[in-house]
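So the protein lines, in turn, are chains Y and P.
Numbered by our numbering, the letters in the first sequence go through residues 92 to 433 in order.
Numbered by our numbering, the letters in the second sequence go through residues 92 to 433 in order.
Note that CB positions come from ideal geometry on N, CA and C, so glycine has one too.
Here is the structure we will look at.
There are 2 protein chains.
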Amino acid sequence: MVPTPATVTIKDVARRAGVSAMTVSRVINGSARVNPETKRRVEDSIAELGYVPSRLARGLIRQKTGTLALIVPDVANPFFTLIVRGAEDVARRAGYRMILCDTRADLAIEREVIEEMIAHRVEGIAIAPVSDRSRPHLERLRSFGIHFVLVDRTVEGVEQDVVHGDNTAGARRLVRHLLDLGHRRIGFIVESDEVSTARDRHQGYREALQDAGLKFDPALIARAPAVPEGGLQAMRRLLELDDPPTAVFAVNNLVALGAIEAVRALGLEVPDDVALVCFDDIEHASRLYPFLTVMAQPAETLGTIGTQLLLDRIERRATDQARVVVLPAQFLLRRSSGAAAA
Amino acid sequence: MVPTPATVTIKDVARRAGVSAMTVSRVINGSARVNPETKRRVEDSIAELGYVPSRLARGLIRQKTGTLALIVPDVANPFFTLIVRGAEDVARRAGYRMILCDTRADLAIEREVIEEMIAHRVEGIAIAPVSDRSRPHLERLRSFGIHFVLVDRTVEGVEQDVVHGDNTAGARRLVRHLLDLGHRRIGFIVESDEVSTARDRHQGYREALQDAGLKFDPALIARAPAVPEGGLQAMRRLLELDDPPTAVFAVNNLVALGAIEAVRALGLEVPDDVALVCFDDIEHASRLYPFLTVMAQPAETLGTIGTQLLLDRIERRATDQARVVVLPAQFLLRRSSGAAAA
DNA sequence: CTTGGTCGTGGTAGCGATAACACAGTTCCG
DNA sequence: CGGAACTGTGTTATCGCTACCACGACCAAG
Chain Y
92 MVPTPATVTI KDVARRAGVS AMTVSRVING SARVNPETKR RVEDSIAELG YVPSRLARGL
152 IRQKTGTLAL IVPDVANPFF TLIVRGAEDV ARRAGYRMIL CDTRADLAIE REVIEEMIAH
212 RVEGIAIAPV SDRSRPHLER LRSFGIHFVL VDRTVEGVEQ DVVHGDNTAG ARRLVRHLLD
272 LGHRRIGFIV ESDEVSTARD RHQGYREALQ DAGLKFDPAL IARAPAVPEG GLQAMRRLLE
332 LDDPPTAVFA VNNLVALGAI EAVRALGLEV PDDVALVCFD DIEHASRLYP FLTVMAQPAE
392 TLGTIGTQLL LDRIERRATD QARVVVLPAQ FLLRRSSGAA AA
Chain P
92 MVPTPATVTI KDVARRAGVS AMTVSRVING SARVNPETKR RVEDSIAELG YVPSRLARGL
152 IRQKTGTLAL IVPDVANPFF TLIVRGAEDV ARRAGYRMIL CDTRADLAIE REVIEEMIAH
212 RVEGIAIAPV SDRSRPHLER LRSFGIHFVL VDRTVEGVEQ DVVHGDNTAG ARRLVRHLLD
272 LGHRRIGFIV ESDEVSTARD RHQGYREALQ DAGLKFDPAL IARAPAVPEG GLQAMRRLLE
332 LDDPPTAVFA VNNLVALGAI EAVRALGLEV PDDVALVCFD DIEHASRLYP FLTVMAQPAE
392 TLGTIGTQLL LDRIERRATD QARVVVLPAQ FLLRRSSGAA AA
């Protein structure tokens, strides 16, 4: 094995090219004028030594690192995966690196990773916060003067650039669909109202009921963590009610998956025994088996726009007001809702 | 708006606590002995000023950044998503940050991101390389003395720690299954043999045929990029053959999805008109609709073990031989292969 | 022939942290 | 009771790079 070589520094290049470190720096950065002949010599030395300038040192002196962070509650959720993809792409094209952090929807982990990102002196953060309780974490970012944008979720009391889907309208649309099909008892499986998407969808759910002149029945709200297991438990509880719902609105795709399992476990079927709709499509699953009637959000676009908003702040140092971008979701009619689907 | 505050440095803390920067450093790092009273004063100052030590400066002097990189060809592929999750988790628990890079299976992007990671002075890289052509990129890492491990894929001519699934045995198992069901003309949709997983599965495919005393027919190999669109095109070509296959082995899950679409587009169905098997399960899709007969690889485990191997190298500076970890895949019998499934 | 540009380049001083050593005061033990 | 060992803390010198200023060479203008 070759012994670990000492890292090549700008001085090594300078020595080899017979110039000062300053001149090498000028060549690397293409700044100011350098004699073409000198420039060539420096470039040759760089190539021969395989020199790569340290971003640490550069970041230290320039006070900017060229690094962003993306913080999401669950990378394995296909919705967030798409956000990651979109964000990563925009960042790379703009010449920034992107550090990905998965908080597992855990506030403590979120606090931890935000501290880490501060220590890393990232120039900006795109974050889908855990919940309204993320506010202190975000305040901390602000106190450090680190730019950030909210993606997918807002946070009560935090005025900041944000891009999210139209959750209220989307939920309203889904529930209206169920109402149109004649359902009168519509369950809603949702996490805590401390999450803005849950809150907004809850709002849409109620509005739709109200539009139809129906009274809101608290018994039909089943609270559960927004994961398959949560959906399973919640659906089971709903079905065990004395007067169970004939249709259910699941707050997101993973919850819907769990809900379906609960239905099947009771020997029932969707949509025959209970209709089901939810937010967020599941890309690959729908390709194989287009079953769930959903409001599909443009997840990848949330990622790209979020990152663009962020870069905008960073590079233009705009101090104008917080921008709010709301993207409409798309209604996809499929079998799970029990309509005569296309 | 609050004006961007100048970053608090160790000196600010030192001044406020009435000690030297060195003492603050000792408190931060818990190194050596510091008078409890002094320590308290320093900690108070840190809290009051909201001081967070710069990893840039620390990394520069210590020559270690506490940062790893994970490079994959496609974060949106559910298989790699799980690897990401596993890797990220192990890294965080071990006190490392993880930078995620998506190469989009593009060699040029791969080269670019590897240069970036060198510039970032990451301490190690876990990489699922694009193909055997990634070799120069990896050699470059080696010449920089940056530790790396291969995940999911090996690279011809690169001796390095690696963790991957047992592709040959898995492929053999899948094809044997089809043979057992009576199929004699079995198609194989696969990307270039420059990708080790493709190569190994190809190998397994041939071995299975050989075991059954069947002759290999090159016409049954359909080459295509390992994405749904590739699977679609390839399956169409196979079905248009004069003597089309009655069963097809798709090199991975996404290819299988495209293949199914091609079958349906011709008004045919899986498995009635053509049986289908593939590598890698699709977590959420299978939960909703367990249809594909697959060899399921322990993707998340690939991520965790890969990262553990990496940390091992970094922290123990082991110079022993390259370790090779091969994890078995699990055969999941479902409907797509046309057997009387459980 | 001085003055005042423009070039091309180098010197010096940090960025924010820590390694390595130094040093004063205390404790210990033969 | 004096030197060794230990405690707690400060000083200095970098880490690799770039901002900032300086400087010699050259040339045109006054």
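Is Pro127 (chain P) buried or exposed, if buried means 16 or more other CB atoms sit within 10 Å of its CB? exposed
Are the C-beta of Thr398 (chain Y) and some C-beta of chain P separated by less than 8 Å? no
Just to confirm my understanding: we take Leu474 (chain Y), look at its own chain, exclude 5 residues before and 5 after, and list those with CB closer than 6 Å. What are they? The requested residue 474 (chain Y) is not part of the displayed model; chain Y covers only 92 to 433.
Would you mind reading off the limits of the beta strand (DSSP E) that contains Val365 (chain Y)? Segment: none, Val365 (chain Y) is in no beta strand (DSSP E) and carries neither H nor E.
Answer yes or no: do Thr156 (chain Y) and Ile190 (chain Y) have a C-beta to C-beta separation smaller than 8 Å? no
Opening and closing residue of the alpha helix (DSSP H) in which Ile152 (chain P) lies: Arg146 to Arg153
Phe235 (chain P): buried (16+ other C-beta within 10 angstroms of its C-beta) or exposed? buried
List the endpoints of the continuous beta strand (DSSP E) containing His228 (chain Y). Run containing His228 (chain Y): none in the beta strand (DSSP E); it sits in the alpha helix (DSSP H), Arg226 to Ser234.
Give me whichever residues DSSP pairs with Val133 (chain P) in a beta bridge. Paired residue(s): none; Val133 (chain P) is not in a bridge.
Assuming His274 (chain P) contacts Thr194 (chain P) under a Cβ cut-off of 8 Å, what Cβ separation, rounded to an integer in Å, is found between them? Incorrect: roughly 36 Å between the Cβ atoms, too far for contact.
Closer than 8 Å by beta-carbon distance: list the chain P residues that pair up with Ser145 (chain Y), in chain order. Close partners of Ser145 (chain Y) in chain P (Cβ separation under 8 Å): Leu151, Ala210 and Arg212.
Any C-beta of chain P under 8 Å from that of Ala382 (chain Y): Going by the sequence as given, residue 382 (chain Y) is Phe instead of Ala. Chain P, which has a Cβ nearer than 8 Å to the Cβ of Phe382 (chain Y), makes this yes.
Across which residues does DSSP place Ala341 (chain P) in a beta bridge pair? As a beta-bridge residue in DSSP terms, Ala341 (chain P) pairs with P:Ile280 and P:Cys369.
Going by C-alpha distance, which of Y:Val318, Y:Gly177 and Y:Tyr296 is nearest Asp308 (chain Y)? Y:Tyr296
Per-residue DSSP class, three states only, for Leu241 (chain P): strand
Buried or exposed by the 16-neighbour rule on C-beta atoms within 10 Å, applied to Asp333 (chain Y): exposed
Identify the continuous beta strand (DSSP E) that holds Leu191 (chain Y) and give its terminal residues. Arg188 to Asp193
Let's see if you can read the secondary structure: which residues bound the beta strand (DSSP E) around Thr158 (chain P)? Thr158 to Val163
Mind checking Gly79 (chain Y): buried by the 16 CB within 10 Å criterion, or exposed? A question about residue 79 (chain Y) goes unanswered here, because the residues of chain Y that appear run from 92 up to 433.
Count the other C-beta atoms from every protein chain shown that fall within 10 angstroms of the C-beta of Arg176 (chain P), then say buried if there are 16 or more, exposed otherwise. By the neighbour-count rule (16 or more Cβ atoms within 10 Å), Arg176 (chain P) is buried.
What is the C-beta distance between Asp372 (chain Y) and Leu423 (chain Y), in whole angstroms, given that I count them as a contact (C-beta under 8 Å)? 6 Å
Where Glu360 (chain Y) falls, given that 16 or more other Cβ within 10 Å makes a residue buried: exposed
Is the CB of Ser287 (chain P) under 8 Å away from at least one CB in chain Y? no
For the segment 106 to 118 of chain P and the segment 106 to 113 of chain Y, state whether three or more C-beta atom pairs, one from each stretch, are separated by less than 8 Å. no
Reference Glu139 (chain Y), options Y:Val99, Y:Ile205 and Y:Ala420, closest by Cα: Y:Val99
I'd like the span of the beta strand (DSSP E) that includes Val253 (chain P), first residue to last. Val253 to Gly256
Can you give, in chain order, each stretch of the alpha helix (DSSP H) that sits fully within the segment 254 to 335 of chain P and has at least 4 residues? 258 to 271, 287 to 302 and 319 to 330
Ser116 (chain Y) at chain P interface by Cβ criterion, 8 Å: Taking Cβ atoms only, chain P never reaches closer than 8 Å to Ser116 (chain Y), which makes this a no.
Endpoints, alpha helix (DSSP H) assigned at Gln399 (chain Y): Ala390 to Arg407
Should Gly321 (chain P) be flagged as near chain Y, meaning a C-beta pair shorter than 8 Å? So, not an interface residue.
Between P:Val181, P:Leu393, P:Val104 and P:Cys369, which lies nearest to Tyr142 (chain P) when the distance is taken from Cα to Cα? P:Val104
Looking only at DSSP bridge pairs, what is Phe422 (chain P) linked to? P:Met386
Quick check: what's the CA-CA separation for Gly278 (chain P) versus Glu285 (chain P)? 19 Å
Check the Cβ of Val175 (chain P) against every Cβ in chain Y and list those closer than 7 Å, keeping chain order. Val166
Can you tell me whether Val115 (chain Y) is helix, strand or coil according to DSSP? helix
Short of 6 Å in beta carbon distance, which residues of its chain neighbour Leu270 (chain Y), apart from the five on each side in sequence? Order them along the chain. Ala303
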